[in-house]
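Just so you know, we're using the working numbering here: the sequence shown kicks off at 35 and counts up by one. Each residue gets a CB set at the ideal place from its N, CA and C atoms; glycine is no exception. Reviewing the structure listed below.
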Amino acid sequence: MAKLAGAVVVMLAALSAGACTTTAGQGGGFAGSGLQAAVPPAGMTPAQGAAYCSTLAQTYAEYVGSVPGWLGGNFSGGEAADLDARVAIAQCQDGNYAGGIPTLQQKLRDARVPVPPPPV
35 MAKLAGAVVV MLAALSAGAC TTTAGQGGGF AGSGLQAAVP PAGMTPAQGA AYCSTLAQTY
95 AEYVGSVPGW LGGNFSGGEA ADLDARVAIA QCQDGNYAGG IPTLQQKLRD ARVPVPPPPV
């Protein structure tokens, strides 16, 4: 029994040590941390990608679904943003504009909301 308890303690210690290790980047829980290089869509600078992502997210939040505060929105009730839109907004916050912009554009089209034009 003592060997089993010792093995459990060792396994729990290994698991807790692994849980404390984090990695930056997409999917790493560091949205907007700046720890990963920005990935703008073709033909856009990172600043243009960030601004356009922000415009799309605001348009989505205004006309389609509420975006929670932890994604930069102002949750005021109503229908919540779907998972794909929340992931796209998180990608934008993480600097992956090339991943977030097309999804947000499609979500707006699906909801029959005019898509704001990209920056020139």
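Just the C-alpha distance for proline 80 and asparagine 130, rounded to the nearest angstrom, thanks.
9 Å
Span separating the alpha-carbon of tyrosine 218 from that of leucine 90:
Past the boundaries of the shown model lies residue 218; the chain is included only from 35 to 154, so the question cannot be answered.
Return the CA-CA distance between alanine 132 and glutamine 140, expressed in angstroms with no decimal places.
13 Å
C-alpha distance - leucine 142 paired with threonine 93, whole-angstrom precision:
8 Å
Helix, strand or coil at threonine 93 according to DSSP, with G and I counted as helix
helix
Give every residue of the same chain whose Cβ lies closer than 6 Å to the Cβ of alanine 145, excluding the five residues on either side of it in the sequence, and list them in chain order.
Val98
Our contact map puts methionine 78 next to proline 136 with C-beta atoms below 8 Å; I'd like the distance itself, whole angstroms only.
Contact flag wrong, Cβ pair sits at about 12 Å.
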